[in-house]
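There are 2 protein chains.
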Amino acid sequence: MRSMLLAAIGVLGSGAAPAPKLLTPTDIVASAPASAWTAIPARDLLVMDLKNGKRVVIQLAPDFAPVHVANIRALANAGYWAGATIYRVQDNYVTQWGNNDSGKPWPKGVVAKPPAEYWRALKGLAITPLGSPDAYAPGAGFAAGWPLGYSTKGEWATLAHCYGAVGVGRGLDPDTGTGGELYAVNGQATRHMDRNLAIVGRVIEGMDQLSALPRGTEALGFYKDPAAGVPIATIRLASGIAAAGRPAFEVMDTASPSFANYLRVRANRNDDFYRHPAGGVDLCGVQVPVRRKG
Amino acid sequence: MRSMLLAAIGVLGSGAAPAPKLLTPTDIVASAPASAWTAIPARDLLVMDLKNGKRVVIQLAPDFAPVHVANIRALANAGYWAGATIYRVQDNYVTQWGNNDSGKPWPKGVVAKPPAEYWRALKGLAITPLGSPDAYAPGAGFAAGWPLGYSTKGEWATLAHCYGAVGVGRGLDPDTGTGGELYAVNGQATRHMDRNLAIVGRVIEGMDQLSALPRGTEALGFYKDPAAGVPIATIRLASGIAAAGRPAFEVMDTASPSFANYLRVRANRNDDFYRHPAGGVDLCGVQVPVRRKG
Numbered sequence: 000m001r002s003m004l005l006a007a008i009g010v011l012g013s014g015a016a017p018a019p020k021l022l023t024p025t026d027i028v029a030s031a032p033a034s035a036w037t038a039i040p041a042r043d044l045l046v047m048d049l050k051n052g053k054r055v056v057i058q059l060a061p062d063f064a065p066v067h068v069a070n071i072r073a074l075a076n077a078g079y080w081a082g083a084t085i086y087r088v089q090d091n092y093v094t095q096w097g098n099n100d101s102g103k104p105w106p107k108g109v110v111a112k113p114p115a116e117y118w119r120a121l122k123g124l125a126i127t128p129l130g131s132p133d134a135y136a137p138g139a140g141f142a143a144g145w146p147l148g149y150s151t152k153g154e155w156a157t158l159a160h161c162y163g164a165v166g167v168g169r170g171l172d173p174d175t176g177t178g179g180e181l182y183a184v185n186g187q188a189t190r191h192m193d194r195n196l197a198i199v200g201r202v203i204e205g206m207d208q209l210s211a212l213p214r215g216t217e218a219l220g221f222y223k224d225p226a227a228g229v230p231i232a233t234i235r236l237a238s239g240i241a242a243a244g245r246p247a248f249e250v251m252d253t254a255s256p257s258f259a260n261y262l263r264v265r266a267n268r269n270d271d272f273y274r275h276p277a278g279g280v281d282l283c284g285v286q287v288p289v290r291r292k293g
Numbered sequence: 000m001r002s003m004l005l006a007a008i009g010v011l012g013s014g015a016a017p018a019p020k021l022l023t024p025t026d027i028v029a030s031a032p033a034s035a036w037t038a039i040p041a042r043d044l045l046v047m048d049l050k051n052g053k054r055v056v057i058q059l060a061p062d063f064a065p066v067h068v069a070n071i072r073a074l075a076n077a078g079y080w081a082g083a084t085i086y087r088v089q090d091n092y093v094t095q096w097g098n099n100d101s102g103k104p105w106p107k108g109v110v111a112k113p114p115a116e117y118w119r120a121l122k123g124l125a126i127t128p129l130g131s132p133d134a135y136a137p138g139a140g141f142a143a144g145w146p147l148g149y150s151t152k153g154e155w156a157t158l159a160h161c162y163g164a165v166g167v168g169r170g171l172d173p174d175t176g177t178g179g180e181l182y183a184v185n186g187q188a189t190r191h192m193d194r195n196l197a198i199v200g201r202v203i204e205g206m207d208q209l210s211a212l213p214r215g216t217e218a219l220g221f222y223k224d225p226a227a228g229v230p231i232a233t234i235r236l237a238s239g240i241a242a243a244g245r246p247a248f249e250v251m252d253t254a255s256p257s258f259a260n261y262l263r264v265r266a267n268r269n270d271d272f273y274r275h276p277a278g279g280v281d282l283c284g285v286q287v288p289v290r291r292k293g
C-alpha cells in the first residue's frame with residue numbers, strides 16, 4: 000500500500016524530498032505562547048444558560064455589526080429573553096432561539112430597524128489570507144480572530160457563516176432583524192447567507208448543546224409544538240455576571256506566528272494518520288482557536 | 000435600506016439589468032421530470048435500524064470503493080453488526096459505529112486488508128463541473144450522483160467528505176480499515192480526510208439520527224461508558240428486505256439539465272429572501288437531491 004502511495008506521488012510530479020512531519024493542530028494550540036492569545040472583553044460574551052443546566056457562550060462581534068450587537072446587549076441587560084426558547088432546529092442548517100412571534104415590546108435603547116450590517120469596509124482590518132481559493136468571495140482570510148470573505152478591491156468584508164456562526168433572524172425585508180431572534184449554523188457552512196444576514200458572533204463554548212438537539216418536524220425545522228421548545232433560563236452578558244462566576248475566554252490572535260503555523264498545518268495535515276496532505280483548506284475548515292482563560 | 004443595497008451593487012460595478020428571479024432549489028427539485036432521476040439499486044442501500052425505532056439509510060458507492068463495499072455487503076449479509084452500537088460522536092466531526100474493539104472474527108468473504116480505495120481514476124466518470132473554486136482539489140464537480148474532488152490531469156478522483164458522507168474507520172496504517180467500523184460526517188465537511196480514508200457511501204435518510212446524538216465526552220468524542228452507546232438493532236442491505244417493506248430511493252442525475260439548473264441556483268440564490276447572490280458555491284454546499292421512490 001505504501002508503495003502504491005509513493006507511486007502516486009511520483010505520478011503527481013513531486014520530485015522534492017518529503018516534507019518534515021508537522022505538528023497536529025492540537026499540538027500547535029497547546030504550545031502557543033501567551034503572546035498569541037487575546038482576551039475577549041466580558042461585554043463581548045453573551046452567556047445563554049438553558050433550563051437543562053447546560054451553557055452556551057457566544058462571542059459578539061461589535062466591529063462587524065455594531066448596531067445589532069448594541070441591540071443584543073440592551074436586550075440581555077433588559078432581561079428580554081426571559082421565557083425564551085429554542086424553537087427551530089433544522090438539520091444541517093441552523094438552530095434558532097428567542098421569543099418567536101411573541102410580540103414582546105422592544106426594551107428601551109433597542110433600534111427596531113437597524114441598518115443591514117451584512118458587511119463592512121475591508122479598510123482597518125489586518126487580514127491574514129487563507130491561502131486557498133474560496134467559492135463565495137474573491138478573498139478569504141482572518142482578521143481580529145474572525146473568518147471573513149472579502150472583495151479584493153476592499154469594498155466589503157463579511158463575517159462567514161461557518162459552523163457555530165451566530166446571526167440575526169429576519170423576515171423577507173433585509174432590515175427586519177433586530178437581534179431578538181438569533182440562529183447558529185449547526186452543520187455545513189451556510190455561506191450563501193453571507194452578505195444576506197447579519198452575523199453578530201459565534202458560539203465559542205457549548206455549540207453541541209445547539210447541534211445535538213432533536214430536529215423540528217415542521218417546515219424549516221420549527222418544532223411542531225411550541226411547548227416542545229428547549230427552555231432558556233437566562234441570556235446575559237458576562238459583564239453582568241459577578242466576577243467570581245464570570246466566564247472568561249481568549250482567542251488566538253490571527254495575526255500571530257502561531258496562527259500562521261496552525262493555518263499551514265490545517266492545510267497540510269501530514270501527522271501520522273494522514274498520507275496525503277490536501278495542500279489547501281476551506282475557510283470554515285479552520286476554526287480559530289479559543290480557550291478558557293485562567 | 001434598499002437604497003443602500005442598490006448603492007452597494009453600483010459600487011461593485013454591475014451595470015447590467017438585474018437578473019430575473021430564479022426558482023429556489025426546492026422548486027427545481029419538485030419540478031424535475033422523471034427523466035432527471037435515477038433509481039438506486041437495492042443492493043446499494045444499507046439500512047441501519049436503531050433499537051430506538053429510528054432508521055438511517057446509506058447509499059453505497061461501489062464504483063469508488065468496490066472492495067470495501069463488497070466487504071460491507073458481506074458483513075450485512077452475515078449479520079456481523081448484531082449487538083453493534085454507535086460509540087463515538089465528536090461534535091462538528093464524525094459519528095461512528097460498529098463492534099468497536101470487539102475482536103469479532105470477520106465473516107467468510109470479507110477481505111481483512113483491502114486496498115486503500117481512497118481515490119480512483121477520473122477516466123470513466125462523466126463530470127459536471129462545480130463551476131466554483133475548491134480549496135482541496137484542482138477540480139471539483141459531480142459524477143454519477145456523487146460530489147468529487149479530482150486532479151485536472153485525471154490521475155485521481157475522490158469522493159468528498161461532505162456532511163453525511165460515510166467512510167471506513169481505520170487505524171494508523173492506511174490499510175487497516177475493513178468496513179466493520181463506519182463513520183458519518185456530522186458537521187462542516189472534513190475534506191482534509193479526502194484521499195486519506197475510504198468513503199463508501201452517504202446517508203440519504205435519517206442523518207439527523209446520527210447528528211443529533213449527545214456528544215461523547217472522551218477524546219475524539221468516544222462515549223465514556225461503552226454501555227452508553229446507542230444500540231443498533233440491525234444493519235441490512237435493502238436487497239435483503241422483503242419487497243413489501245423494502246425502502247427505495249432515487250437520486251438526481253448529475254448530468255441532467257435539472258441538476259445543472261439546481262447547481263446554478265445554489266450558486267446564485269436570488270429568490271425573495273436573498274439580496275446578494277454569492278456567484279459561487281462550495282462543493283459540499285450542494286447536496287445532490289435524493290428522494291423516496293414511489
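If you're matching them up, the sequences are chains A and B in order. With the numbering used here applied, the first sequence closes on residue 293, and no number is skipped along the way. With the numbering used here applied, the second sequence closes on residue 293, and no number is skipped along the way. Every residue, glycine too, gets a C-beta built ideally from N, C-alpha and C. Here the structure is a predicted model, which is why all the values come from computation and not from measurement.
Taking 9 Å as the CB-CB limit, is B/His-67 close to chain A? Position 68 of the second sequence, counting from 1, holds the residue named residue 67 of chain B. Cβ-Cβ to chain A under 9 Å: no for B/His-67.
Whole angstroms is fine: what's the gap from B/Tyr-273's alpha carbon to B/Arg-54's? Working through the second sequence from its first residue, we reach residue 273 of chain B at position 274. Working through the second sequence from its first residue, we reach residue 54 of chain B at position 55. Separation of B/Tyr-273 and B/Arg-54 (C-alpha to C-alpha, rounded to the nearest whole angstrom) is 35 Å.
Please classify B/Phe-141: does DSSP put it in a helix, a strand, or coil? In the second sequence, counting from the first residue as 1, residue 141 of chain B sits at position 142. If DSSP states are grouped into helix, strand and coil, B/Phe-141 belongs with the strands.
Looking only at its own chain, which residues have a Cβ that is under 7 Å from the Cβ of A/Ala-64, when we skip the five neighbours before and after it? Residue 64 of chain A sits at position 65 when you count from the first residue of the first sequence. Excluding sequence neighbours, A/Ala-64 sits near Glu-116, Ala-197, Ile-198 and Val-199.
Same chain only: Cβ atoms within 6 Å of B/Arg-268, ignoring 5 sequence neighbours per side: Position 269 of the second sequence, counted from the start, is the residue given in the question as residue 268 of chain B. Taken in chain order, the residues that qualify are Pro-276.
Compute the distance between the beta-carbons of A/Gly-138 and A/Gly-148, then report whether it is under 9 Å. Here residue 138 of chain A is taken as the residue at index 139 of the first sequence, counted from 1. Here residue 148 of chain A is taken as the residue at index 149 of the first sequence, counted from 1. Going by C-beta atoms, A/Gly-138 is nearer than 9 Å to A/Gly-148.
Going by other Cβ atoms of all chains shown within 10 Å of its Cβ, with 16 needed for buried, is A/Ser-13 buried or exposed? Along the first sequence, read from residue 1 onward, the residue named residue 13 of chain A stands at position 14. At A/Ser-13 the pLDDT is 39, less than 50, meaning the model places this residue with poor confidence; the figure from the coordinates comes in the next sentence. Under this definition A/Ser-13 is an exposed residue.
Just to make sure I have the definition right: I need the residues of chain B whose C-beta is within less than 8 Å of the C-beta of A/Met-206. Which are they? Within the first sequence, numbered from 1, the residue matching residue 206 of chain A stands at position 207. Here the neighbours are Asp-90 and Asn-91.
If you measure from the beta carbon of B/Ser-13 to each beta carbon in chain A, is any gap under 9 Å? Stepping through the second sequence from its first residue, residue 13 of chain B is reached at position 14. Unreliable placement is indicated for B/Ser-13, whose pLDDT of 39 sits below 50; no coordinate value is reported for it.
For the candidate residues A/Gly-153, A/Thr-175, A/Gln-187 and A/Leu-21, whose alpha-carbon lies nearest to that of A/Ala-294? This structure does not reach residue 294 of chain A, given that chain A is present from 0 up to 293, and the question cannot be answered.
Quick one: is B/Asn-195 buried, meaning 16 or more other Cβ sit within 10 Å of its Cβ, or exposed? Residue mapping note: residue 195 of chain B aligns to position 196 of the second sequence, counting from 1. Buried, because 16 or more other Cβ atoms sit within 10 Å of the Cβ of B/Asn-195.
Looking at the unbroken beta strand (DSSP E) that takes in B/Gln-95, where does it start and where does it end? Translated into the one-based positions of the second sequence, residue 95 of chain B becomes position 96. Here the beta strand (DSSP E) through B/Gln-95 covers 93 to 97.
Given that a residue counts as buried once 16 or more other Cβ atoms are within 10 Å of its Cβ, and exposed if not, what is A/Leu-5? Here residue 5 of chain A is taken as the residue at index 6 of the first sequence, counted from 1. Low local confidence applies: a pLDDT of 26 at A/Leu-5 is under 50, so the model's placement there is unreliable, and no value is given.
Under 9 Å, Cβ to Cβ, is there at least one residue of chain A near B/Gln-187? Position 188 of the second sequence, counted from the first residue, corresponds to residue 187 of chain B. By this cut-off, B/Gln-187 is an interface position.
So who's on the other strand from B/Glu-204, going by DSSP bridges? If you number the second sequence from 1, residue 204 of chain B lands on position 205. BP columns for B/Glu-204 point to B/Val-56.
To which residues of the same chain is B/Leu-282 closer than 6 Å at the C-beta, ignoring the five residues directly before and after it? Within the second sequence, numbered from 1, the residue matching residue 282 of chain B stands at position 283. Taking B/Leu-282 as the centre and dropping the five residues before and after it, the same chain places the C-beta of Leu-129, Asp-133, Ala-139, Pro-146 and Ala-159 closer than 6 Å to its C-beta, in chain order.
Excluding five sequence neighbours on each side, which residues of the same chain lie with their C-beta closer than 6 Å to the C-beta of A/Ala-35? Locating residue 35 of chain A in the first sequence gives position 36, counting from the first residue. Excluding positions up to five away in sequence, the list reads Met-251, Asp-252, Ser-255 and Ser-257.
Hey, is B/Arg-268's beta-carbon within less than 9 Å of any beta-carbon in chain A? Numbered from 1 along the second sequence, position 269 holds the residue referred to as residue 268 of chain B. Yes, B/Arg-268 counts as interfacial toward chain A.
Output the boundary residues of the beta strand (DSSP E) element that contains B/Phe-248. Residue numbering aside, residue 248 of chain B sits at position 249 when the second sequence is read from its first letter. B/Phe-248 -> beta strand (DSSP E) spans 248 to 251.
Roughly how many angstroms separate the alpha carbons of B/Glu-217 and B/Arg-87, rounded to a whole number? The count along the second sequence starts at 1 and reaches residue 217 of chain B at position 218. The count along the second sequence starts at 1 and reaches residue 87 of chain B at position 88. B/Glu-217 and B/Arg-87 have their C-alpha atoms roughly 9 Å apart.
Hey, out of A/Arg-72, A/Tyr-135, A/Gly-215 and A/Gly-205, whose CA is closest to A/Ala-227's CA? As a position in the first sequence, residue 227 of chain A is number 228, starting the count at 1. Considering only alpha carbons, the answer is A/Gly-215.
Short Cβ contact (9 Å threshold) for B/Ile-231 with B/Val-46: Sequence index remark: in the second sequence, residue 231 of chain B carries index 232 (1-based). Sequence index remark: in the second sequence, residue 46 of chain B carries index 47 (1-based). No, the Cβ-Cβ distance between B/Ile-231 and B/Val-46 is not below 9 Å.
The beta strand (DSSP E) spanning A/Tyr-86 covers which residue range? Along the first sequence, read from residue 1 onward, the residue named residue 86 of chain A stands at position 87. Its beta strand (DSSP E) spans residues 84 to 88.
Is there a C-beta anywhere in chain B that falls below 9 Å from the one on A/Asp-224? As a working note, residue 224 of chain A is residue 225 in the first sequence. Chain B, which has no Cβ nearer than 9 Å to the Cβ of A/Asp-224, makes this no.
Top-ranked residue by Cα proximity to A/Ala-164, from A/Val-56, A/Thr-37 and A/Pro-32: For the purposes of this step, residue 164 of chain A is taken as the residue at position 165 of the first sequence. For the residues A/Val-56, A/Thr-37 and A/Pro-32, the minimum Cα distance to A/Ala-164 belongs to A/Val-56.
Ignoring anything shorter than 4 residues, give me the alpha helix (DSSP H) runs that lie fully in the segment 163 to 229 of chain B, in order along the chain. If we require 4 residues or more, the alpha helix (DSSP H) runs fully inside the segment 163 to 229 of chain B come out as 207 to 210.
Am I right that B/Leu-236 and B/Asn-76 are in contact with their C-beta atoms under 8 Å? What's the rounded C-beta distance? In the second sequence, the residue the question calls residue 236 of chain B occupies position 237. In the second sequence, the residue the question calls residue 76 of chain B occupies position 77. Going by Cβ atoms, the distance from B/Leu-236 to B/Asn-76 rounds to 7 Å, so yes, they are a contact pair.
Using only alpha-carbon positions, find the residue among B/Gly-102, B/Pro-40 and B/Gln-89 that is nearest to A/Ser-210. Taking the first residue of the first sequence as position 1, residue 210 of chain A is located at position 211. Taking the Cα of A/Ser-210 as reference, the smallest distance to any Cα among B/Gly-102, B/Pro-40 and B/Gln-89 is reached at B/Gln-89.
The beta strand (DSSP E) spanning B/Ala-38 covers which residue range? The residue you call residue 38 of chain B lines up with position 39 of the second sequence. Segment 36 to 38, the beta strand (DSSP E) holding B/Ala-38.
Residues of chain A with CB under 9 Å from B/Val-280, in chain order? Your numbering for residue 280 of chain B matches position 281 in the second sequence. Those are Ala-134, Tyr-135, Arg-190 and His-191, listed as they occur along chain A.
Distance, A/Glu-204 Cα to A/Asp-62 Cα: Counted from its first residue, the first sequence places residue 62 of chain A at position 63. Counted from its first residue, the first sequence places residue 204 of chain A at position 205. Using only the alpha carbons, I get a separation of about 21 Å.
Between A/Gly-144 and chain B, is any beta-carbon pair separated by less than 9 Å? As a position in the first sequence, residue 144 of chain A is number 145, starting the count at 1. No Cβ of chain B is located within less than 9 Å of the beta carbon of A/Gly-144.
Three-state secondary structure assigned by DSSP to A/Pro-276: Along the first sequence, one-based indexing puts residue 276 of chain A at 277. When secondary structure is reduced to three states using DSSP, A/Pro-276 falls in the coil class, being assigned neither helix nor strand.
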